Structures are given as structure tokens and as C-alpha cells.
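The opening residue of the sequence shown carries number 1074 in the working numbering; numbering runs sequentially from there. Note that CB positions come from ideal geometry on N, CA and C, so glycine has one too. Only a predicted model underlies this, so the values are computations on that prediction, with no experimental measurement involved. Below you'll find the structure, written out as C-alpha cells, and then a few comments.
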Amino acid sequence: MKKDKEVFALWKEINPVSAFGAGLKENAGTLWISSSANIKHALLRIKQLEKNADPVAKKFLNCIKTSILFEEPQHPPNQILSAYFTHLTIEGINEKHVLQLAEQGISLLGVQKHLWEKKWPIELQIFTAQECSGAKAILDTIKKQCKKQETKDAITALQKRIDNWKENITKIQIKKGDFNELFSLLKKKATLQRKNIYNKLITTLYDHTETPEQIERLALSWVDKELPVFKTIVKKLSQKYKCKATVESISEMLKKKQAVKTTDLLNIIATVRKKLQPVAEKEWVQITPKYDVRLIETPSYLTPFLPTAAMDLFGTLSNKPFCLYFVTTDKTKSPMSDIPDLVQTTIHEEYGHCVNLMNSAVNTKNRIIEKISSSLEIPLTEGLSFFRELEGLSTFKKIRDTGAKNKEEKVLVNEIEKHVPFEEFVLGVSFVVYQWRMVRFLRAISDVRVNTGKQKYPAFIEWAHKKTGLSKKLIFHQTFFFQEMPGYAPSYSLFGQQLKKYQHLAMKKGISQKAFNTYVAGRGFPARSVFEKELKKKFKI
């Protein structure tokens, strides 16, 4: 389609780092400089392309438009951090590109000095400080490996500009950046709200079809519905481990009774995933033969943003796309600490995200604008991965209740039982899955309340702790940094719960779980409303 090619060309121009990450080598060493002239030119092209555009293209263009116009002080240092991380991951140290990015990074910060004129909320000052620290850390890593003095000097100059950016935006001093320090700061000064723009952000960046009020109401109803189930699991584990029937006590006991050492995390995950994948493909979803996932430890400069684990796709538009599965081992963050946590996280990251992104990347039926990266993909892939956790738990319960029925299940059970009896593992993973379901529902509530000004963040933490029994530290680590990206946090539960409903309706019509999931995992990433409409039509639900 001619329109798709034109939209794709615009996307490449405005998102050169994403384009390079997708496998387009001609975009290496390039940043888009958001000067007033460049913004004006981009908006004019969007306006022209919107004429006669179909819903997929129109929503994609609207998403780009909002992302261009949405300016906050943490964005420029984040762009620099992301650019260098992408290049470092794909090609290692290429001094030509390192130099180009440094020079353009200075220009990027220069054209956005108008952001210095505003007094920013404490939350955005924290995000800015952390993005600046992350950018400087990755630049330090790169500079040590550069040989040319010109490149080193350019990096030093960029680091000074980043320091200057931080000084002009932040009026706070952050030492450790841990829960105790940041929560104390927030209790004194929390002021974040985006009431006037929040609704536009959630509809254009993520294509959420619910209003803020509906999001909060739905998330609260899910908490109320599933909290009794969670409490029953907590009670069973407290009886088994002879400890208090609190979430914090159970979490501590799992770390003791079903523990994995952070130093062993990577090796254990590497082994478990080999035994889990055959079960995933037999039960949940067909996986492309081109599946390529590489397990790595989260670099220190990324741990503030990836407290537990995450994944990313590279080479989307190449012949050999691959995923990186990041695992955080930093004890000051929220690393996986027990076998149930490890298995649940792997199911989410691998057999949710990685399969979704890889299957979609190699599906030749998907339009190019349904493959390339944008915030529109977030509700779809996060919702799918969120739901996959529940499917995993269902499979484990079935094996527990009826026994391992095939080779794949027997191999998996044997691997789990090297660490803990399988029945005990299932009880533990039930706790972890429902704890994370509480977290995802709380993320949605937090996003709405804080961004609309309904509740300040520290008050939300206190409320959520009392409501669910989750620790304040866990709630903080799993909700606060989502405030950097308004609208992202509700994505898990909103589409995940819809997907659960759609699958149930499809299976009532005779569609298998695997057939339904395989279609969803490979369909690509049109806007959520378009995706749901297609899903209902295909399966007649």
C-alpha cells in the first residue's frame, strides 16, 4: 500500500533509533532533533497523510503526532540513553556512530532548553535525574572502550550537557535512589498531575477505549474480585510454612523455602526455559521456527528502569529478528528470588512478549505499520503476556491434579522438583501470579488517580498497602516508574482481561486455546480497538 510506505517513511525519519533497532542500517548513528522547524514539518506531513487513511494508518499517525507534542524533561536524556543502548546492543562500539550520536545528542538537548523555564513536579525531577544518570553511565561504559580522542572528547562534552540539563531541571539531591530515599522525598513534595492531557494521552498513545473513570472502576472491581482468592492462597501458605498470614511473611518464606540465589538466576532460567518451552508450545501457542531469544543480565545503567526483568525485540524488519531477555540481579532492586517468581516471570517475558513479537515480526500477512514499534503495541503485548501468566498457572494446576501426562510435562516436573516438590511449587506460583495480578490492577488505579490529580502518589501507596497487604516497597517499585509514561500502566489489565473473555467465548465455539492464542500472538500491532474488532469478527464472538 502506497499510504503505508509513506507512513513508514515518516516513522523512520522521526524514530531513527527504533528504525535502526528494527534492522535498518541506514538509520545508524542518527537522532531526530525535535526543533520547532522539524516538529512543524512533521505535523504538516501527518496532516497530509491522514487524508483518506484507513483506521490502522490514521491511529498510527495520531500516535506519532501525540508523541511529538508531548514534552517532559525526562524525555531528552531518555532518548540519548535509548539510542546508545540500541547501538551498543546491535553493533558494539562503532566509533563513527558513537561520535555522530554525541554531536546530535548535544543538539537534541540544545533545542529543548525551553523546558528549563518551567518548574517541574518532584516526580518528573526524579525521573529526569535517573534518566540523566543512566545516560551518563552508559556513556562512561562506551568511552572506556573508545580509542579515538575525538570520540572521547565528544562523549565528555555530551556528559557535561547532560549534567547541565539535570542542574536546570532538578532541584533535588538523590544519593542512593532507593525506596526509602525516594518515598521520603515524595511524601514531602509530591505534586504530579496531568489532568488536562491525560485522557488524550491514553486514547492516542495506547488506544485505550475506556475513560479514566472506567479504568479505575474496572481495576477496583478486579481487585475486589480476586483479593479473596489471593488471601486464601496466603492463608494456605501460612499454614504450610507456619508463619503469619501476610503477603510480606509469605514472600520471605518463599525466598527461604523455594529460594534461588541472585548469583544463580541466569543459569537456572537458562535451564528452566529449555524445559518449559515444549510445554508452552504444546499447550499455549505455536512458536515460529525462527524463534531467537538471548538471555542477558540487565546492565547496571538500566536497572532503575527494569527492576525485575524485561525483554526487547531487535531486527524486526530484518531476516533474523531476535529478542533480548533482561534479568536483573541487583539486590537493591526487585530481582526474582524464588522458583515460582522465576517461572512466572519467564512465562510473561518469553511465552508472552517474545513469542508475540517474534511471531508478529515474521508474519508476512501483517502490514509494515503493524510491525514497527510504537506505543500502540503496548496494550496488546502487555495484555497478552499478563493473561499468559494465568494460562501457565492453569497448566501447572492441571499437572498437579492429574499428573504429568506426556514427555514434555514429565521433563518439566523433574526440573522443578530439583528445587522444590511440584505441589509446593504450584502453591507458590499461585501466590506469585495473584500477587502480580494485584500489582497490575494497582498500576491501573495509580495511573488514573495520580495523573488526574485525584490522589497524590504517597497516599496511593498507603491505600494500596492497606487494601492488598502488598509491601509498600513492592508497590513503589512496581508502580512509581510507570508514572514516567502515563497510560502505560493500565495496559496489562485492560487488554489482558478482555483477551481472557474473548478466548473463553472462542473456546465455547469450538476454537482451541492454542489456535486462538497463535492467531493473537502473530497478528501484529494495529491499534487496540482495531485489533479487538478483528478478533471478534474472525472468531464470531
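Which partner residues of residue i appear in the DSSP bridge assignment?
i	result
D1385	L1397
A1115	A1115 is not bridged to any residue.
A1332	D1411
To which residues of the same chain is residue i closer than 6 Å at the C-beta, ignoring the five residues directly before and after it?
i	result
V1296	F1514
E1443	G1597, F1598 and P1599
L1182	P1149, R1234 and W1238
V1428	V1358, I1360 and A1594
A1092	K1085 and N1100
R1473	E1496 and V1499
S1446	S1091
Y1530	L1259, A1263 and V1523
S1257	none
Considering only residues of the same chain and omitting the five flanking positions on each side of residue i, which have a CB-CB separation below 7 Å?
i	result
S1155	V1090
L1430	L1386, C1396 and T1454
Q1218	I1166
A1343	L1368
C1205	P1150, I1235, W1238 and K1239
L1379	T1371, F1399 and T1401
R1620	Nothing can be reported for residue 1620: it is not among the residues displayed for the chain, which extend from 1074 to 1614.
E1321	S1544
I1420	R1461, E1462 and G1465
A1126	K1076 and L1134
E1423	R1346, V1366 and Y1398
Y1507	E1299, V1302, F1303 and I1306
E1145	L1197
Out of curiosity, what's the CA-to-CA distance linking residue i and residue j?
i	j	result
S1109	A1227	25 Å
K1540	T1361	42 Å
I1153	C1136	21 Å
P1372	T1401	8 Å
K1478	N1590	22 Å
W1193	T1162	33 Å
I1242	K1347	47 Å
Q1185	L1197	16 Å
N1487	K1480	11 Å
L1547	G1388	34 Å
E1286	A1292	10 Å
E1176	I1215	15 Å
E1283	L1608	18 Å
E1496	L1466	12 Å
S1615	Q1571	No statement about residue 1615 is possible, as the shown extent of the chain runs from 1074 to 1614 and does not include it.
V1484	P1351	9 Å
E1325	D1411	10 Å
G1096	V1435	13 Å
L1188	L1415	41 Å
Q1331	K1491	11 Å
W1536	F1252	17 Å
L1174	P1559	27 Å
K1574	A1230	54 Å
E1289	E1605	21 Å
L1104	L1212	16 Å
A1383	H1426	9 Å
H1577	W1509	22 Å
D1280	V1333	39 Å
F1158	G1207	10 Å
K1611	M1580	13 Å
G1476	K1406	37 Å
V1493	L1327	11 Å
K1630	Q1232	Residue 1630 cannot be examined here, being either before or after the span of the chain that is shown, 1074 to 1614.
Considering residue i, what are the terminal residues of the beta strand (DSSP E) in which it resides?
i	result
V1366	V1366 to E1370
Less than 8 Å between C-beta atoms, sequence neighbours within five positions excluded: which residues of the same chain meet that for residue i?
i	result
Q1222	none
T1139	K1273, L1274, T1277 and L1278
I1323	V1307, L1310, S1311, Y1314, C1316 and F1504
Just curious, the alpha helix (DSSP H) that residue i is in, first and last residue?
i	result
Y1575	S1564 to K1581
A1082	K1075 to I1087
L1258	F1252 to K1262
N1432	V1428 to V1435
S1155	H1148 to E1164
Q1246	Looking at the DSSP string, Q1246 is not in any alpha helix (DSSP H), and its letter there is neither H nor E.
T1344	L1338 to E1356
Please tell me whether, using a cut-off of 7 Å, the distance from the CB of residue i to the nearest non-hydrogen atom of the ligand FMN is below it.
i	result
E1557	This structure lacks the ligand FMN; in fact it carries no ligand of any kind.
Quiz item: In chain order, which alpha helix (DSSP H) runs of at least 4 residues are fully inside the stretch 1515-1567?
Solution: For the stretch 1515-1567, whole alpha helix (DSSP H) runs of length 4 or above, ordered along the chain, are 1530-1541 and 1545-1552.
Quiz prompt | alpha helix (DSSP H) runs contained entirely in the stretch 1447-1485, provided each spans 4 or more residues | solution = 1450-1475
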